[in-house]
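Under the working numbering, think of the first position of the sequence shown as 56, with each following residue one higher. For glycine and all other residues, C-beta sits at the position ideal for the given N, C-alpha and C. All values reported here derive from a predicted model rather than from experimental measurement. Here is the structure we will look at, set down as structure tokens.
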Amino acid sequence: GRPDQVRYSIVMRGIDGKIVSAMQKAIDPAANSVRTEFVGPTVGKQLRDDGILAIFYALVIMLIYIALRFDFFYAPGAVLNVFHDAIITTGFVIVVQRIINLDFNLATVATILTLIGYSINDTIIVYDRIRETVGKSQGHALNEILNKAINETLSRTIMTSMTVFLASICLMI
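Have a look at this one:
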């Protein structure tokens with residue numbers, strides 16, 4: 056076409072002014088950014104707080120579900136187990152954040168919610184096996200019953216965890 060006509064148009068969202076100036080120097084002096092969006096600290100704080108509330112609500116709803124699915128005896132232990140997983144992971148992210156400059160953002164909150172989902176799934180499998188084993192093994196010591204139930208589900212737990220770990224590594228790469 057003619058030199059005064061636009062031959063191409065690239066739309067990039069969320070680019071920084073430094074990137075635009077580098078494009079102007081390297082590619083075309085007429086390159087510009089139509090709009091740059093930025094989430095300020097107030098909105099970021101609100102998103103973070105909403106994410107933390109989402110984690111809390113997920114744990115409460117799981118407590119109610121497990122209480123209805125099993126009984127009130129197993130529900131608190133299952134939710135504490137999931138809460139423990141979420142707290143340990145969050146602590147790990149906070150420690151690693153300082154080492155490799157990792158952001159604690161909405162993607163991190165989504166990851167923790169995903170971890171809670173996997174953890175509660177595995178916890179329900181283990182607790183269901185414990186409940187079945189307790190029903191079948193009247194008269195045996197509780198530690199023997201728990202050991203048997205956990206050993207029966209251990210291979211499944213390891214395979215599920217390794218599958219999730221390998222998928223996470225592929226996504227990270």
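For residue j and residue i, the rounded distance between their alpha carbons
{"i": "Leu118", "j": "Phe147", "result": "24 Å"}
{"i": "Met78", "j": "Pro131", "result": "56 Å"}
{"i": "Ala204", "j": "His139", "result": "21 Å"}
{"i": "Met214", "j": "Lys100", "result": "38 Å"}
{"i": "Glu199", "j": "Arg186", "result": "13 Å"}
{"i": "Arg211", "j": "Ile155", "result": "33 Å"}
{"i": "Ser76", "j": "Ala86", "result": "8 Å"}
{"i": "Ile149", "j": "Ile142", "result": "10 Å"}
{"i": "Arg124", "j": "Val115", "result": "14 Å"}
{"i": "Asn206", "j": "Tyr120", "result": "25 Å"}
{"i": "Phe220", "j": "His195", "result": "36 Å"}
{"i": "Lys73", "j": "Ser216", "result": "42 Å"}
{"i": "Arg32", "j": "Ala222", "result": "In this structure the chain extends from 56 to 228, so residue 32 is not present and cannot be described."}
{"i": "Val151", "j": "Gly106", "result": "20 Å"}
{"i": "Asp104", "j": "Phe127", "result": "30 Å"}
{"i": "Gln193", "j": "Asn202", "result": "15 Å"}
{"i": "Lys191", "j": "Leu197", "result": "12 Å"}
Outcome for residue i when other beta-carbon atoms lying within 10 angstroms are tallied against a minimum of 16
{"i": "Thr218", "result": "exposed"}
{"i": "Ile224", "result": "exposed"}
{"i": "Asp177", "result": "buried"}
{"i": "Val134", "result": "buried"}
Cβ-based neighbour list, residue i, same chain, cut-off 6 Å, excluding 5 preceding and 5 following
{"i": "Ile175", "result": "Met117, Val137"}
{"i": "Lys80", "result": "none"}
{"i": "Arg184", "result": "Ala204, Glu207, Thr208"}
Whole-number beta carbon distance between residue j and residue i, since they are thought to touch under 8 Å
{"i": "Leu102", "j": "Leu161", "result": "6 Å"}
{"i": "Ile180", "j": "Thr208", "result": "6 Å"}
{"i": "Tyr129", "j": "Tyr182", "result": "5 Å"}
Cβ neighbours of residue i in the same chain (closer than 7 Å, five flanking residues each side left out)
{"i": "Thr145", "result": "Ile167"}
{"i": "Ala113", "result": "Leu168, Ile171"}
{"i": "Val189", "result": "Ile200"}
{"i": "Ala122", "result": "Ala130"}
Neighbourhood of residue i by C-beta distance below 8 Å, restricted to the same chain and skipping five residues each side
{"i": "Ile110", "result": "Ala141, Val164, Ile167, Leu168, Ile171"}
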